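Counting from 0, one number per residue, gives the positions in the sequence shown under numbering that gives the first Met the number 0.
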Amino acid sequence: MTKTLTGIAASDGFAHAPAYKLVEPDLTVSKEKIDDTDAEIESLKDAFSKSKEELQAIRKKAEESLGEEEAQVFDAHIMVLDDPDLFDQTKSVIEENQMNAEAAFEQVTDNFIQMFEAMEDNPYMQERAADIKDVRKRVIAHLLNVTLPNPSTIDKEVIVIAEDLTPSDTAQLNKDYVKAFVTDIGGRTSHSAIMARSLEIPAIVGAGVVTEEIVDGTELLVDGTTGEVIVDPTDEQVATFEKAAAEFEELKAQWETLKDEETRTKDGKHVELAANIGTPKDVPGVIENGGEGVGLYRTEFLYMDSNELPTEDEQYEAYKKVLEAMDGKPVVVRTMDIGGDKELPYLDLPDEMNPFLGYRAIRISLEEDEIFRTQLRALLRASVHGKLRIMFPMIATIQELRDAKAILEEERQKLVDQDVDVADDFQVGIMIEIPAAAVIADQLAKEVDFFSIGTNDLMQYTMAADRMNERVSYLYQPYNPSLLRLIDFVIKAAHKEGKWAGMCGEVAGDQRAVPLLLGMGLDEFSMSATSILKTRSLLSKLDSKEMEALAEKALNDCGTQEDVIALLDEYNL
């Protein structure tokens with residue numbers, strides 16, 4: 000029977016194919032008394048080894064298909080398997096209780112998961128719980144000799160239906176066959192949604208009970224632009240859908256013609272559309288999608304993808320590669336942003352109750368200044384190879400900025416004294432992601448060349464709401480007037496001092512937010528590379544003066560996020 004189910008539109012596009020339910024095998028574990036504990040320990044060791052091999056293979060595939068940044072999630076899973084405590088504790092439970100390996104492993108991982116999940120104010124630890132669950136499933140599958148579903152074996156066109164897709168699942172999707180996916184749970188910022196946008200396949204998440212409502216093999220229509228799934232459609236619905244899909248393909252073809260164009264509004268105003276990257280391997284995607292620059296190069300992946308601190312020369316080569324590949328287009332390089340949800344096993348950082356409000360980013364750099372100086376020297380040496388913009392993250396005070404600039408100047412002078420070439424036109428800026436910095440943006444603007452607004456953190460700090468905590472997810476409000484007023488103040492503060500203001504957070508690529516940001520005067524929008532052409536097309540249809548009036552209304556007349564959205568809908572944007 001025909002029915003329509005609705006979820007969150009996570010990745011644009013249309014798909015028409017039969018349902019493929021990604022169902023997991025029964026991983027129920029029974030506790031058994033065993034005599035040969037050595038054999039159980041060997042089985043456990045073998046399961047760990049096979050799981051690690053699988054994860055390394057999945058990581059490699061993810062790096063090839065999705066890019067280094069998305070592949071990094073599997074490093075956390077491999078780190079779980081490499082944690083000696085996990086193996087040693089399971090071994091002890093097997094020996095002390097003469098228990099079978101799978102029951103012992105489930106018992107030990109239960110303890111870890113419960114401990115981490117109890118830390119409700121610590122999103123990093125809660126993510127560790129999710130990593131352990133993913134790894135446990137893989138290890139227990141090997142111990143039980145059952146096979147986990149392998150999306151990479153799909154060899155015909157399908158729409159994947161699942162309760163949720165783990166990063167491991169999503170990384171194995173072959174977009175030649177998997178035309179879309181729909182899940183019961185999830186949100187626009189979940190790993191699976193982000194990966195779907197990287198793969199450029201339609202996705203709907205948080206659709207409720209699709210796994211219960213949809214039978215394997217049922218014909219489906221998926222509209223990733225509206226979040227609708229039509230189950231067992233009529234001929235008339237298929238015809239209407241195919242027409243909409245054809246129009247979307249025409250639209251994409253129109254976007255493609257803008258690849259080599261400057262980004263200009265309807266009335267001729269130029270803004271810069273840049274991309275966020277994690278490694279030099281992401282640069283071809285920026286160029287292919289017509290990026291006018293790199294608005295955020297997350298250098299922490301240089302540190303996270305290594306067993307020790309990267310050397311000055313290693314960093315220099317990475318920065319040089321990006322600058323040269325961008326061929327004179329600007330590249331904003333953010334200095335090391337470790338801490339919060341990103342840890343380094345070889346850097347002995349303290350355990351903290353709330354690492355997002357703790358010792359991270361510029362706070363580490365200023366204290367561990369030799370690490371910072373090494374990075375700055377590499378950046379300064381690379382500056383002669385392109386248009387470099389250095390950006391300090393997590394700045395809260397003017398003194399932090401001055402201290403960071405002082406160290407930068409010291410290292411610049413040392414290189415000059417050693418007759419090492421350093422460009423004289425590189426820029427220095429900061430991320431605005433702490434409300435304290437936004438409020439004194441008029442003072443900070445006097446001491447920088449630019450601002451880049453990090454809306455993900457700015458939003459959660461402004462609302463005092465962890466965006467990974469479902470209980471307060473209603474406060475994830477990118478259109479809340481309080482956040483919009485902070486953004487507006489930051490942009491105006493930059494312009495008053497003749498400086499430019501950009502944005503590298505999730506909101507910069509949000510099509511609904513673009514008109515507002517244009518109206519506020521944002522100079523640079525940095526987003527995932529796959530959103531650039533769509534945004535360029537949108538901007539070409541907008542009059543900047545009209546958007547200024549729209550922004551004024553949103554800032555002055557709207558009291559809630561709902562008011563702002565209603566205003567945008569009224570303008571038919």
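Built from N, CA and C at the ideal position, the CB exists for glycine as well. Everything numeric in this text was worked out from a predicted model, so none of it was measured.
**Prompt:** Rounded to whole angstroms, how far is the Cβ of V270 from the Cβ of E63, which I believe are closer than 8 Å?
**Reply:** Not confirmed; about 33 Å, so no contact.
**Request:** Please classify V214: is it buried, with 16 or more other beta-carbons within 10 angstroms of its beta-carbon, or exposed?
**Result:** exposed
**Asked** Are the beta-carbon atoms of V603 and L322 separated by less than 7 Å?
**Response** There is no way to answer for residue 603, as the model of the chain reaches only from 0 to 572.
**Bridge partner(s) assigned by DSSP for K386** = P329
**Asked** Going by the C-beta, is G223 closer than 6 Å to any heavy atom of the ligand FAD?
**Response** Only the bare structure without any ligand can be found here, which leaves the ligand FAD out of the picture.
**Asked** Which value, in whole angstroms, describes the spacing of the CA atoms of T146 and I139?
**Response** 10 Å
**Message:** If the criterion is Cβ atoms closer than 7 Å, does the pair K201 and A14 meet it?
**Reply:** Residue identity differs from the one stated: residue 201 is Pro in this sequence, not Lys. Yes. Within cutoff.
**Asked** Measuring CB to CB, does G6 end up less than 7 Å from G205?
**Response** yes
**DSSP-derived helix/strand/coil call for P17** = strand
**Message:** Can you tell me whether Y318 is buried or exposed? The criterion is at least 16 other CB atoms within 10 Å of its CB, across all chains shown.
**Reply:** buried
**Item:** Segment contact flag, the segment 504 to 513 with the segment 223 to 240, C-beta cutoff 8 Å, min 3 pairs
**Value:** no
**Asked** Per DSSP, what kind of secondary structure is D222 in: helix, strand or coil?
**Response** strand
**Item:** Check whether L142 and A103 have beta carbons under 7 Å apart
**Value:** no
**Asked** Which residues in the same chain as D402 place their Cβ atom closer than 7 Å to its Cβ, once the five residues preceding and following it in sequence are excluded?
**Response** L365
**Nearest candidate by alpha-carbon position, reference A381, set G327, P354, P434** = G327
**Message:** Which residues does DSSP list as the beta-bridge partners of I429?
**Reply:** F391, F450
**Request:** To the nearest angstrom, report how far apart F300 and D34 are at their CA atoms.
**Result:** 46 Å
**Request:** Return the residue from the list E409, L541, R137 that minimises the CA-CA distance to D25.
**Result:** R137
**Message:** Can you check which of these residues, I490, E255, E156, is closest to A18 by C-alpha distance?
**Reply:** E156
**Prompt:** Do L538 and T262 have their CB atoms nearer than 7 Å?
**Reply:** yes
**Request:** Examine the Cβ distances between the segment 474 to 492 and the segment 452 to 463 and report whether three or more of them are shorter than 8 Å.
**Result:** yes
**Message:** For a test of the three-state rule: what should DSSP assign to D120, helix, strand or coil?
**Reply:** Reliability fails at D120, whose pLDDT of 48 lies under 50, so the model's placement of it is uncertain and the value that follows must be treated cautiously. Correct three-state label for D120: coil.
**Item:** Assigned exposure category for N121 - 16 Cβ within 10 Å defines buried
**Value:** Here the model assigns N121 a pLDDT of 48, short of 50, so the residue's position is not dependable and the matter cannot be decided.
**Message:** So, for D368: in the same chain, excluding its five sequence neighbours on each side, which residues have a beta-carbon less than 8 Å away from its beta-carbon?
**Reply:** I406
**Message:** I'd like to know whether the C-beta atoms of V209 and L4 end up nearer to each other than 7 Å.
**Reply:** yes
**Asked** Straight-line CA distance for S305 to L457?
**Response** 29 Å
**Request:** Using a threshold of 7 Å, state whether the C-beta atoms of M546 and G504 are closer than that.
**Result:** no
**Message:** With H, G and I counted as helix, E and B as strand and the rest as coil, what does DSSP make of A56?
**Reply:** helix
**Asked** Do the CB positions of L378 and I389 come within less than 7 Å of each other?
**Response** yes
**Message:** Do I564 and M502 have their beta-carbon atoms positioned less than 7 Å apart in this structure?
**Reply:** no
**Message:** Need the endpoints of the beta strand (DSSP E) that E399 sits in, please.
**Reply:** First-last for E399: 397 to 416, but that is the alpha helix (DSSP H), not the beta strand (DSSP E).
**Message:** On the DSSP bridge list, what partners appear for T5?
**Reply:** E227
**Asked** So the beta strand (DSSP E) R359 belongs to, where does it begin and stop?
**Response** Counting along the chain, R359 falls outside any beta strand (DSSP E), and DSSP gives it neither H nor E.
**Prompt:** Does DSSP put L511 in a helix, in a strand, or in coil?
**Reply:** Before going further, note that residue 511 is Arg rather than Leu in the sequence given. In this structure, R511 counts as coil in the three-state DSSP scheme.
**Request:** With a threshold of 16 other CB atoms inside 10 Å of the CB of G216, please say whether the residue is buried or exposed.
**Result:** exposed
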